[in-house]
Each structure stands twice: as structure tokens, then as C-alpha cells.
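2 protein chains.
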Amino acid sequence: MRPPTIRDVAERAGVSKSLVSLVLRGSDQVRAAKREAVLTAVDELGYRPNAAARSLSERRTRTVGVLLNDMRNPWFVDLLDGLNSRLHDNGLRTLLADGHLNRRLGEDLTRTFTELRVDGLIAVGTLPPSEALRTAAGRIPTVVAGAREPTLPHVDVVAGDDQHGARLATEHLIGLGHRRIAHIAGDGVVGALRRRSFETVMREHGLSDTAAVERGDLTEEGGYRATVRLLGIPERPTAILAFNDMACVGALSAAEELGLKVPRDLSLVGYDNTYVSRLRHLWLTTVDNASHDVGRRAAQCLLDRIAEPTRPGQVVLITPTLEIRGTTGPPPGH
Amino acid sequence: MRPPTIRDVAERAGVSKSLVSLVLRGSDQVRAAKREAVLTAVDELGYRPNAAARSLSERRTRTVGVLLNDMRNPWFVDLLDGLNSRLHDNGLRTLLADGHLNRRLGEDLTRTFTELRVDGLIAVGTLPPSEALRTAAGRIPTVVAGAREPTLPHVDVVAGDDQHGARLATEHLIGLGHRRIAHIAGDGVVGALRRRSFETVMREHGLSDTAAVERGDLTEEGGYRATVRLLGIPERPTAILAFNDMACVGALSAAEELGLKVPRDLSLVGYDNTYVSRLRHLWLTTVDNASHDVGRRAAQCLLDRIAEPTRPGQVVLITPTLEIRGTTGPPPGH
DNA sequence: GACCGCTTTTGGACCGTTCCAGAACGTACG
DNA sequence: CGTACGTTCTGGAACGGTCCAAAAGCGGTC
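Protein chains in written order, with this note's numbering: chain A, 13 to 346; chain B, 13 to 346.
Next up, the structure:
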């Protein structure tokens, strides 16, 4: 009761296995009658080619592996969407693996994908630095998407322009009349970029003295705690730019608990335009990273790199936009 | 510059390829000295076995395919966690594929997994009914997790006990003193089960007359609209049981817009205990489906079914619990 | 009818593993 | 010393495809 092979099909259609192979790969060198015979045999037997055998012989898999950092925070869904559609157009399928789950198990996903001999690798989001990724990138064409690190020899990076995004958000707040603005900073290269950009813009407007930065993390909890600290200082900020939407939701909760009304008493800006920010009840003003474009460009980069594996790694930045919703307004008494 | 093969390793270590194979598969029939030689050769060459060749020869892949309905609503993350850890313990790796993305592309994921010859298939969440899944399930051991459909000949179903979950929630509301309780219903088998259970419990308490049901869908928007309708009727409900957390968030927004304070004027219960319900700012009372357990049991079912593919399909229900948070309280004037 | 050139079809090598039957090697025993 | 018997090791046949060189088929021409 094994699945039928190409030889079974050949026998049934009364031709050689080579001809079946030709038909299945869409050759036009086959007479219509035989093609027909092969196709009906395929149908009758319910034949499906064996991907392992095929890739062993072709020496490629037409598959790219996608390493997700953590599925719990679904900011990357649009990115995957863009990625997938572009790769699909070029005959490549994608397989996902979630890092968070497997890291806990001590399983190395790059190893899995290396053994599968995927044609390419996409790392989505900031992955914990690992020797494994470095060696994998040395063998398999690799692109980092939606993150700025790690930077490795022959690896492209496609991400939103964090500097520009943070600028958009900060200038929006300044434009509304805010002066005392705080930033809840994230970590890693992305965190540093957004933070520095915030500080630069504040300086450009002569607001360095009223700029505050509080370390948070990428979670709601972190945003909450940071906001409690920020709102505890004497001349408290009238606006906060959070590192991401999650932290922004935390900030929202903190503000409410302290009896502040958003945006009347406090303006908040998130980052990523996740669906959480779109929930009517939250309705966060946020920076949209154009993730779909990031995904598409990452796919293109990977295709180019597969064609020419040794070209120097490049950095592609996608311009984000500001999504103004309900959590920003003029400062109190303006 | 091809990746090294088992023969390269053998040559370097001065042994036959068969011996290398033995060492790599952990045989104890190998003398320590040779084992050592093989392992250092593996190391020096950076050898990684070729999964395609291995699975072609072994006639299995040690891989199970996971079909996700839609990643946009991450209720299934805990489920995957449980699934993955149990499968990993049994030497199986998992590969994910997101249905939503690929459906749009007209790509058939069951086809992909069939061609890969995965050892098993897990369908997570309610997938749109498809002939493809039916035929796939006929060839590959398959388990449905976190959904109640489709029911197919040799397919197990592992899910939360929706009947019990809806009962817990309804009785919680009744216990708080609510009489006029509404339900925002979802569709499919799961929707029907929760709805019927809600109606049954209301009847048991002699509250059939004050029970209302409004059709929603699984989105925030659907929950919002349904709630607007529910709160528009003369004797409006003092509590709403929503089909899921998303719909519940929509209900929350609607209540707020109509000037009702939750839970003072209106109690709300969600379903799924997603991380959205855990956001401090929302803090929804909700039903926890014990997804981690569902995942673990689904994995076990799959392992059993791989061992014995033709046994009759069984239905395993996991008992949910109620997670009481901030959106439920006694009715006004109680 | 032999020959040519074109299209269509085929057999067999190969891809990198596992698996199995049997070879080689020790060691103990009669 | 020959033999029997474990323990280690090896060659070659799968596994199910692709690819290529060569064979076969088929008008048309001389």
C-alpha cells in the first residue's frame, strides 16, 4: 500500500518513466496523445511526486525556510504575506519554524533547515545572536527581514527605516504642540536607532532638555512599568513615544490607572501598526512599517542572492508611514 | 563547493560509508577508536546529513506538517507549544504552513505536505472544508486540533470542551446575579456547541425568556456590531457572553461608546484566554481552553495513529477553566 | 531504398542516504 | 591447529526521481 511512483504511472500509461517525468515537468516535446495518457494515469493512481527524490536528483528543494523569532507577537504576519506571495510567484514554497518554541527545546532550527537543504533562509525579526545562524548563512543564501541584526558577510537586511519612523512620530507630537515628550526605549539595534532618532529630532527642535528616555522592554508589562516611572516625575511628559504597540498598550493602562485621560492629558504613539493597535478600544496612533513591502523586498533580495550568492550584503530600508488614530492630540491647555 | 557527503566523511576517517552511517545513528556496535575518527571527520568537514536522501531511503521523514488556519489570530500559540514539545520528545520535527496566506495564492498546502511525505498532519483550527484535506487524510495520519470539524473516517479530533466552557461562563454570570444575558454566537460546529450550551444553562435556571442570542462573527467588528444591536433593545442585557476574545473586545468598545461602564453597567465574558484578553487595559474575563493540553493530547493522538493508522477516529475533549478578570461583576442595582 | 534531419522516446547513470547479507577479524575451545 | 562464534566492518542494492546521450520514428529528397 505504498504511494505510487513514477514507474507505476509509466507502466499504466504504457510509456517509459522518462516520458512521465517529461510530461510532469511540462515539456512541449511530447505528443499530445501520450501526454494525455500519462495525465490520466497520474489522475487514476493519485500520483504525487516524492519531493525527497526530486530534490535529491535536482540538487535543490525549491523551498525556503523562514525562521520566526516568536509567534506570540504577530507583527510579522503582513511581512510573511508579502514574502510568501513573491516567493510563490517564483516557484518557491516556504516552510515556517517558530524559534521561541524550539529554542526552549534546545532544538536548532538552522540545523533542521540545513539538513533539509533549503534553497534559502529568511530570518524574521531579531533573533538571539547565535553561532548557528552564522554558519548556516555561510552555506545557505540568507536574508534578515524586519530586523537590523545580525549583520553577517553575505547576508542582506531588509527592514523598516526606524530612524525615519521615529522621526515621523516625534515630529507629529511636536507638531501637536507637545514639548515634554518621553520615549520608552527597546533594546538591540532597532531600539537604539529609534531612540537616537527621537533624541535627534528633539534636539533639532531645541527640546533636548524636555526629552526623557526610559528603558522598557518589548512587552506590555515593560511599557506599563516605564510609564509609571515617567509619570511619577515632577514635570511629567505630556506625550510618550513607545518602542512598540505592546509597550504602548502598557502605557495606556498605566495612564488610566493614574487617572489620566488619553489623549486629553497624555498622548501616546506606538510602533508596528499591529492589529492590537487597530482594536477600536485601543485605537493607537502608531508607526506603520509597511511590512508587506518589507516582505516583498526581502523575497526579492533572497531571489537575487540565490542567483548570485557571493555578492556583498546590502541593507534595504523601507519608508514607514504614520497612522494617526485616537491616542494623540494637543497637550493639555493648548 | 558542494556540501560534503557521507562518503567524504568516510574517506577522511578511513572507514566505509556504512560505518559512518552506523556511528551517526548512534549504534553501539562500533569500536570507540573508529567512532572517534568518524566524529572528528564530521566536525572538520562540517558534515550535515541530507534529509532528502535519508528520508528517501528510510521511507519516512520524521516530520509532521502543521496546517494553520490563520496566523492573524494567535490563539493557537500555546497549542503549538504543547504539540511541539510532545512531538519533539518522540524525535519528530514540525513544519508550519499558514493557510490564510497560501489560500489566497490558490496554493494547496496539503499538496505540499503530501509531496514532502510528512509522517503526519495536524490541522489546527477550523479549516475551510476542502476535498484536499479529505484525500490527504486518507493517505497521511491526520489529527484535527482545536476545532471540531471536519469529521473524517480515520481522523482524530482533539479540542476544548466547548459545552463545558460555555456552561462555566454562563453559570458564572448567573451566579453573579445576572438574569438578562446575551450571547454573541459564532459559526461552525464550535459556534453551535457554545450557543446550545448557553441556551441549555439558561433554561436550566428558568431564564429562557431573558436569554438573547445575536449572530456575530469571530472578529472585533462582528462583536461590536452585535453588541450595538443587543444594547439597542428595550430591556437590554446586563451581561454578554461573546464567542471569543476578539468579539468580546468589540463588545467592550460598543459598551463604552454607548456610555456604559464595564463591569458596573455591563458584564462581558470572552473565550480563548488569548494574550489580548490578558492586556491590562482590557483584562477580560474569559474561558481558558487549556490549549497547551490540547496540543499535547493532539500530539499523542498523532503518535498513536502513526503507530496504528486504521484505528477508528476518536474525539478527545479537554476540560476548560474559567479565568475571572475585570469585565464581570454583579448586575447594576444588585 | 538509402540517407538526412527533425521530433519523440528510452535506458541507464546518478543524487546521498539506509539496510542487509556476508566478509574480516579476534578469541576461546576442543 | 582447525573450528566455532561473537563482534566489527563493508560492498552493493535499494529508495524515487532527473538528466543526458543515444535510439527510434517519421516524413521528405535524391
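For glycine and all other residues, C-beta sits at the position ideal for the given N, C-alpha and C. Please read all numbers here as calculations on a predicted model, not as lab measurements.
My guess is that residue i and residue j are in contact by the Cβ rule of under 8 Å, so how many angstroms apart are they, rounded?
| i | j | result |
| --- | --- | --- |
| residue 293 of chain A | residue 265 of chain B | 4 Å |
| residue 177 of chain A | residue 299 of chain A | 4 Å |
| residue 181 of chain B | residue 228 of chain B | Between residue 228 of chain B and residue 181 of chain B the Cβ distance is about 15 Å, and since that is not below 8 Å, they are no contact. |
| residue 138 of chain B | residue 202 of chain B | 7 Å |
Exposed or buried, what is residue i when buried is set at 16 or more other beta-carbons lying within 10 Å of its beta-carbon?
| i | result |
| --- | --- |
| residue 13 of chain B | exposed |
| residue 134 of chain A | buried |
| residue 10 of chain B | No answer is possible for residue 10 of chain B: it lies beyond the span of chain B, which begins at 13 and ends at 346. |
| residue 195 of chain A | buried |
| residue 322 of chain B | exposed |
| residue 18 of chain B | buried |
| residue 312 of chain A | buried |
| residue 327 of chain A | exposed |
| residue 165 of chain A | exposed |
| residue 303 of chain A | buried |
| residue 246 of chain A | exposed |
| residue 331 of chain B | exposed |
| residue 284 of chain A | buried |
State the Cα-Cα distance for the pair residue i and residue j, rounded to the nearest angstrom.
| i | j | result |
| --- | --- | --- |
| residue 224 of chain A | residue 225 of chain B | 50 Å |
| residue 199 of chain A | residue 86 of chain B | 24 Å |
| residue 250 of chain B | residue 234 of chain A | 35 Å |
| residue 21 of chain B | residue 210 of chain A | 54 Å |
| residue 95 of chain A | residue 63 of chain B | 25 Å |
| residue 74 of chain B | residue 66 of chain B | 10 Å |
| residue 31 of chain B | residue 48 of chain B | 12 Å |
| residue 55 of chain A | residue 43 of chain A | 19 Å |
| residue 163 of chain A | residue 179 of chain B | 53 Å |
| residue 151 of chain A | residue 89 of chain A | 27 Å |
| residue 128 of chain A | residue 296 of chain A | 42 Å |
| residue 125 of chain A | residue 215 of chain B | 55 Å |
| residue 325 of chain B | residue 167 of chain A | 47 Å |
| residue 269 of chain B | residue 140 of chain A | 43 Å |
| residue 345 of chain B | residue 241 of chain B | 23 Å |
| residue 333 of chain B | residue 282 of chain B | 12 Å |
| residue 256 of chain A | residue 230 of chain A | 7 Å |
| residue 121 of chain A | residue 83 of chain A | 15 Å |
| residue 109 of chain A | residue 277 of chain B | 45 Å |
| residue 37 of chain A | residue 28 of chain B | 37 Å |
| residue 115 of chain A | residue 238 of chain B | 41 Å |
For residue i, report the span of its alpha helix (DSSP H) as first-last.
| i | result |
| --- | --- |
| residue 18 of chain B | 18–25 |
| residue 236 of chain A | 232–244 |
| residue 48 of chain A | 44–57 |
| residue 159 of chain A | Note, residue 159 of chain A: premise wrong, no alpha helix (DSSP H); not H, not E. |
| residue 202 of chain B | 200–216 |
| residue 336 of chain A | Unbroken run through residue 336 of chain A: none, as it is neither H nor E. |
| residue 151 of chain B | 143–151 |
| residue 70 of chain A | 63–70 |
| residue 225 of chain B | Looking at the DSSP string, residue 225 of chain B is not in any alpha helix (DSSP H); the run it does join, the beta strand (DSSP E), is 223–227. |
At a CB-CB cut-off below 7 Å, which residues of chain A make contact with residue i?
| i | result |
| --- | --- |
| residue 232 of chain B | 291 and 292 |
| residue 236 of chain B | 292 |
| residue 347 of chain B | Since the displayed chain B opens at 13 and closes at 346, residue 347 of chain B lies outside it and no answer follows. |
Show which residues of chain A have a CB atom less than 9 Å away from the CB atom of residue i.
| i | result |
| --- | --- |
| residue 151 of chain B | 15, 58 and 60 |
| residue 262 of chain B | 291, 292 and 293 |
| residue 76 of chain B | The contacting residues do not exist; residue 76 of chain B stays about 12 Å from chain A at best. |
What first and last residue would you give for the beta strand (DSSP E) that runs through residue i?
| i | result |
| --- | --- |
| residue 110 of chain B | 105–110 |
| residue 196 of chain A | 193–197 |
| residue 171 of chain B | 167–172 |
| residue 123 of chain B | It is not in any beta strand (DSSP E) - residue 123 of chain B instead sits in the alpha helix (DSSP H) that spans 121–128. |
| residue 251 of chain B | 251–254 |
| residue 316 of chain B | No beta strand (DSSP E) holds residue 316 of chain B; the alpha helix (DSSP H) holding it covers 303–319. |
| residue 282 of chain A | 279–283 |
| residue 300 of chain B | 297–300 |
Quick one: list the residues of chain B neighbouring residue i, beta-carbon separation under 8 Å, in chain order.
| i | result |
| --- | --- |
| residue 67 of chain A | 64 |
| residue 108 of chain A | 107, 108, 109 and 110 |
Using a cut-off of 7 Å between C-beta atoms, extract the partners of residue i located in chain B.
| i | result |
| --- | --- |
| residue 89 of chain A | 83 and 84 |
| residue 124 of chain A | 105 |
| residue 120 of chain A | Here the premise fails: no neighbours, minimum Cβ distance about 11 Å. |
| residue 93 of chain A | 113 |
Please list, in chain order, the chain A residues whose beta carbon lies closer than 8 Å to that of residue i.
| i | result |
| --- | --- |
| residue 129 of chain B | 15, 62, 63 and 64 |
| residue 117 of chain B | 96, 97 and 100 |
| residue 268 of chain B | 293 |
| residue 288 of chain B | 288 and 291 |
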